[in-house]
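In our numbering, the protein residues as written are 236 to 837.
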């Protein structure tokens, strides 16, 4: 039974975790989507190099060609932005029930079951789509402006220019590394934490082609006896440049899934263990008035192990809202309460009515540690200063908390009725005690809760809350799969010309199709290998920087190899699906087509 009284401002503060998660994942999905657009535009221009030669030959300037192609990008961006705007409402409608349930269960606040449509939101969506399209096409347009008319028809010119970016990738990686080191050492705000995460992902994407190149170079040094195997790896190294953008999108998706999945799983494991420590009492009761509380204490004192009153008042310290609790020091707390920092004999100090406990959130906000003193306002005795005996974990709570022995609480906040109780009782007697409590509470079942009910409800809220995160994780992986499919499909025509000489020396077409699938799979697996340490670094940043700066509590980090195995399997399946169409077409291509393309100049 929970009774809440929250202002709209409180609700906004309490639900900022939802906004943070959704904003972060929305931004990551957008970034992964830009990789698809970038890859598609560059490969489309690569296929149009013959057309570019003809246009340049008849006197059309590169500036006019660039303007026309940019107009084409804007038109497609408008169409895609409108479609994305419509599809977003279907996705939001699917996710809204989980959001509504989590907000209601966590904060006692209801939100609208309908999604408003506004012209402003539509214009913002179209603007984001157009800006993304323009940004993604910038590199290809610059290439067109710099290439000479005759060079536009030569694939080698485009390849050489892509190879020349290798030194810039190394310089960019070094720059990002320097920024990351500085942010690791000095970043202590939420903005700097997000910049740190962005820098790590950017450095990872820039470094990925170098990693793939070095990894395949090491494999090539094995000197395989079969020439076909040596050609396979050498050709795979050549394809890194063409597939690098889609592999970067895959890297971001995998790293974010490993990072966020690890954080959520660590949070759940910690949260369940924390509930087991915090919810030790068998029953929790809320009395309607002081008279009923007295009857509960008098009738049950001899039948239960302990009746532990819990009282609280709301207060503010240095502008931060806090809840001050009074509790009876008992082995229920001394044996189980989760302290993350404390004095050597903290509980003895509390039993002697000297000292208090604060939660981790308040400790971080006020930069307080055990042995420090906390000053707070009382009802009738002005400000008081008491020494901090310990700090306890309080996951998910947006507010600061203070816990002090009941005698100290009653001294500084007299007249607060004792209406909430934790009851320690033998599990065999729970049904009997529940029946007695129902009689005292006039059959109001909602005022009696056992620990199993609270744990079940908490786990349910947790799963519903992070269902949105899971859905967005799957979405980013799906987008990365589309990027890989787009790149492989766009390259399929050029691959025929590159594979025709291999076919001409006797390698069957179905074997070539299998080698194409294995090549894409090899690069995807190497990308997955590279994504694991990047994902673990993302977990570290999320738990030690972003989560701390956003919510003022810190999670322990656990590793979940079973999650990595699932992502590995998904990566293999997604890659095989991406290359399926290309391999199937290659296996069925007619010999005459291969003969026509065998003279293609590379």
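Yeah, the Cβ is synthetic: ideal placement off N, Cα and C, and Gly gets one too.
- In the three-state scheme derived from DSSP, where H, G and I count as helix and E and B as strand, residue 633 is classed as coil.
- Annotated three-state conformation of residue 660 is coil, per DSSP.
- Within the model, the alpha-carbon separation for residue 371 versus residue 360 is close to 16 angstroms.
- Runs of the alpha helix (DSSP H) spanning 4 or more residues and lying entirely within the stretch 257-317 occur at 284-292, in chain order.
- In this chain, the alpha helix (DSSP H) harbouring residue 596 covers 595-601.
- Its Cα nearest to that of residue 802, the residue 494 stands out among 271, 438, 473 and 494.
- Considering only 285, 806, 481 and 750, the residue with the shortest C-alpha distance to residue 763 is 806.
- Judged by DSSP in its simplified three-state form, residue 515 adopts coil rather than helix or strand.
- DSSP, reduced to helix, strand and coil, places residue 684 within a strand of the structure shown.
- Nearest to residue 538 by C-alpha distance, out of 730, 367, 635 and 663, is 663.
- Boundaries around residue 561 are those of the beta strand (DSSP E), 555-562, since no alpha helix (DSSP H) includes it.
- Scanning its chain for C-beta atoms nearer than 7 angstroms, with the 5 sequence neighbours on each side dropped, one finds no residue around residue 306.
- In the structure shown, residue 742 adopts coil according to DSSP, grouped into three states.
- Around the beta carbon of residue 536, a 10 Å sphere encloses fewer than 16 other beta carbons of the protein chains shown; the residue is thus reported as exposed.
- Bounds of any beta strand (DSSP E) do not take in residue 613, whose DSSP letter is neither H nor E.
- Less than 8 angstroms separates the beta-carbon of residue 488 from that of residue 714.
- Of 657, 558, 641 and 656, the smallest CA-CA separation from residue 650 is found for 641.
- Closest in C-alpha terms to residue 738, from the list 784, 825, 502 and 272, comes 825.
- For residue 550, DSSP records a beta bridge to 557.
- Around the beta carbon of residue 817, a 10 Å sphere encloses 16 or more other beta carbons of the protein chains shown; the residue is thus reported as buried.
- The C-beta of residue 563 has 16 or more other C-beta atoms within 10 Å across all chains shown, which makes the residue buried.
- Within the same chain, and ignoring the five residues on either side of residue 524 in sequence, the residues whose Cβ sits closer than 8 angstroms to its Cβ are 652 and 654.
- Remark: C-beta atoms of residue 682 and residue 521 approach each other more closely than 8 angstroms.
- Contact between the stretch 498-513 and the stretch 658-678 is not established, with fewer than three Cβ pairs separated by less than 8 angstroms.
- DSSP lists no bridge partner for residue 369.
- Note: residue 520 is bridge-paired with 656 and 683 in the DSSP secondary-structure output.
- Taking each of 589, 269, 573 and 815 in turn and checking the Cα distance to residue 368, the smallest one comes out for 269.
- Shown here for residue 791: same chain residues with a beta carbon closer than 7 angstroms to its own, the five before and five after excluded, namely 501 and 505 in chain order.
- Closest option to residue 709, judged by alpha-carbon separation, among 496, 284, 732 and 793: 496.
- Residue 825 carries a coil assignment under DSSP once its states are collapsed to helix, strand and coil.
- With at least 16 other beta carbons inside 10 angstroms of its own, residue 444 counts as buried.
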